[in-house]
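Protein chains: 2
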Amino acid sequence: MSLIPKSHPRAKSLLIREKLVDGFDNGLVAKEGLLAQGRGEAFDYLLGEKTSKAAMQAIRAAASQLLLAEMPVISVNGNIAALCPKQIVRLSKQVKAKLEVNLFYSNEKRKQAIIKTLKKNGAKEILGSKNTSSKKLPGIDSARRIVDKDGIFVADVVVVPLEDGDRTMALRRAGKTVITFDLNPLSRTSETANITIVDNVTRAIDLLIIESKKLSKKNQKTLQKIISDFDNKKNLRDNVIQIKNNLTRRAKIA
Amino acid sequence: MSLIPKSHPRAKSLLIREKLVDGFDNGLVAKEGLLAQGRGEAFDYLLGEKTSKAAMQAIRAAASQLLLAEMPVISVNGNIAALCPKQIVRLSKQVKAKLEVNLFYSNEKRKQAIIKTLKKNGAKEILGSKNTSSKKLPGIDSARRIVDKDGIFVADVVVVPLEDGDRTMALRRAGKTVITFDLNPLSRTSETANITIVDNVTRAIDLLIIESKKLSKKNQKTLQKIISDFDNKKNLRDNVIQIKNNLTRRAKIA
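Here the protein sequences come in this chain order: Z and W. Add 71 to a position in the first sequence, counting from 1, and you land on the number used in the numbering used here. Add 71 to a position in the second sequence, counting from 1, and you land on the number used in the numbering used here.
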């Protein structure tokens, strides 16, 4: 039974929150994942809870990058599995990317719950389980550096939605092209990734699937042009400006 | 054992977070409380993780208001009990305010855990337990309107740290003077309260205790002047401007 009063003005955001709380109850989400969701909510609120023009540009660049990749891998954590398991599996099929479960707070039981959820939502092969072989990324402390030797370790393009800054940096140092979803345009993850989609993943993932489908008909040169026209630093600045404008409007500052 | 790598650039914020996670493990904090903490973290980050001049003004006004109150009550929820139990008890003694446990997501077991924590930290009498009599605040849905008949119900000044907008509005409608701690200067709670301290409660509570001690030597007229000079709407705007300036600086926007 939902505890959210229907009269509450933030009912929509509270319902997404409930998905995550359910994910927590089902062993997918870590306690720290609930906190991370809270941080995301605050930034989403400041961004106006809609997909900005800047985010749409990042989504187009991300779709192009995924379509051009030789060996794309999508890293899945507990929050993603709780929020949009169906869409993440759909995206992986659309762009022929492998799925790898990779957790910040590693925990085998939670990993298995995530794998189960992904399978229930149509995933065939899932890397990062105890039955696959692992390798270590250099330059990051022990618990968090383990990646699948047939997945992230050999990937050229990695999608890391809702990722930690340290790990994003380790992936870049390992030579990967990194695509991330991050609602904080100032985070280290946002600044470190090649393409940062500053949007709520529950909104942006559907748009990324649609764009990937649309752009799959384009030739390589067109896709490369979209990527080279994309400037992540400028895009992040545009998102910060968006937040500033929203603050001005809401606080009615002259 | 702490899972936080010491090398992490946000170790301090992560350690506060861990207090809350411990509070969750000890039955003080609701899952929704973890999410709320995450939202607070985001705003604290945007505010520069320090007490602003505007926040300091609000703290002075709050101290004056508490010292002038005939029947002040401090409402305690799970997050407060997890983050700063010792200080909240100290504040209640300093300004002779009653303590009342009052939860957004009501739960008798959690309530008892909070009462136990407050007692362990020196609290004598705690209202809002099942042994005290309750009354209902008008204008708010059922589960959340229950208050203690010897506490919030008859209080003239109520401190509601980390409160929900609906309840803050119900308290105002019931004629209470409301003091709150809220890191989001745009929230309904912030806008509805008489005095909003836009600061991390773990920093601001110590300052509020110090100011209450200092100002306790002043006469009534001086305290009244401090309160009448305080403009909550202007104070909130100053905090929004602070966030905007921090965004400009961090994003290096010209």
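Even glycine gets a Cβ: it sits at the ideal position worked out from N, Cα and C.
- The beta carbon of W:Arg161 is closer than 6 Å to those of Ile280 in its chain, skipping five residues each way along the sequence.
- Taking a C-beta distance under 8 Å as the contact criterion, Z:Val166 and Z:Ser299 do not qualify as a contact pair.
- Under the three-state reduction of DSSP output, W:Asp219 falls in the strand class.
- About 17 Å separates the CB atoms of W:Ala194 and W:Asn150; that is not less than 8 Å, and the two are not in contact.
- DSSP lists W:Asp219 as the bridge partner or partners of W:Ser205.
- Annotation: W:Arg181 has no Cβ neighbours in chain Z at a cutoff of 8 Å; minimum Cβ distance is about 13 Å.
- Beta-bridge partners of Z:Thr267 (DSSP): Z:Thr251.
- Here the C-alpha atom of Z:Lys164 lies approximately 44 Å from the C-alpha atom of W:Ser177.
- Closest option to Z:Phe252, judged by alpha-carbon separation, among Z:Asn317, Z:Leu91, Z:Asn303: Z:Asn303.
- Residues of the stretch 303-317 of chain W whose Cβ lies closer than 8 Å to any Cβ of chain Z, in chain order: Leu307, Arg308, Val311, Ile312, Ile314, Lys315.
- Here DSSP, grouped into helix, strand and coil, assigns W:Pro156 to helix.
- Look at W:Val166 here: in three-state DSSP terms it is coil, with no helix or strand label.
- Nearest C-alpha to W:Ala133 among W:Val249, W:Arg321, W:Phe224, W:Asn317: W:Val249.
- For a Cβ distance threshold of 8 Å, residue set Glu103, Leu106 of chain W lies close to Z:Arg88, ordered along the chain.
- If you draw a 10 Å sphere on the C-beta of W:Glu112, you find 16 or more other C-beta atoms in it, and that means buried.
- Distance from the CA of W:Ile159 to the CA of W:Asn192, rounded to the nearest whole angstrom, comes to 9 Å.
- Sixteen is the threshold: since fewer than 16 other Cβ atoms of the shown chains lie within 10 Å of the Cβ of W:Pro209, the residue is exposed.
- Looking at the backbone, the Cα of W:Asp235 and that of Z:Ala322 are separated by about 19 Å.
- With respect to chain W, the C-beta atom of Z:Gly199 has no partner C-beta closer than 8 Å.
- Under DSSP, W:Glu103 forms no beta bridge with any residue.
- Contact note: Z:Ile324 reaches chain W through Arg308, Val311, Ile312, Lys315, using a C-beta cutoff of 9 Å and chain order.
- In this structure, W:Lys315 places its C-beta atom within 8 Å of the C-beta atom of Z:Leu318.
- Just so you know, the alpha carbons of W:Ala125 and Z:Leu91 end up roughly 35 Å apart.
- Excluding five sequence positions before and after Z:Arg243, the CB atoms of its chain that fall closer than 7 Å to its own CB belong to Val249, Thr263, given in chain order.
- Per DSSP, the unbroken alpha helix (DSSP H) holding W:Ser299 starts and ends at 291-300.
- Taking Z:Gly199 as the centre and dropping the five residues before and after it, the same chain places the C-beta of Glu171, Val172, Asn173, Asp219 closer than 6 Å to its C-beta, in chain order.
- W:Phe301 has a beta carbon lying at 8 Å or more from every beta carbon in chain Z.
- Against chain Z, the beta carbon of W:Gly210 has no neighbour under 9 Å; the closest one sits roughly 11 Å away.
- Considering only beta carbons, the part of the stretch 106-121 of chain W lying closer than 9 Å to chain Z consists of Leu106, Ala107, Gln108, Gly109, Arg110, Gly111, Glu112, Ala113, Phe114, Tyr116, Leu117, in chain order.
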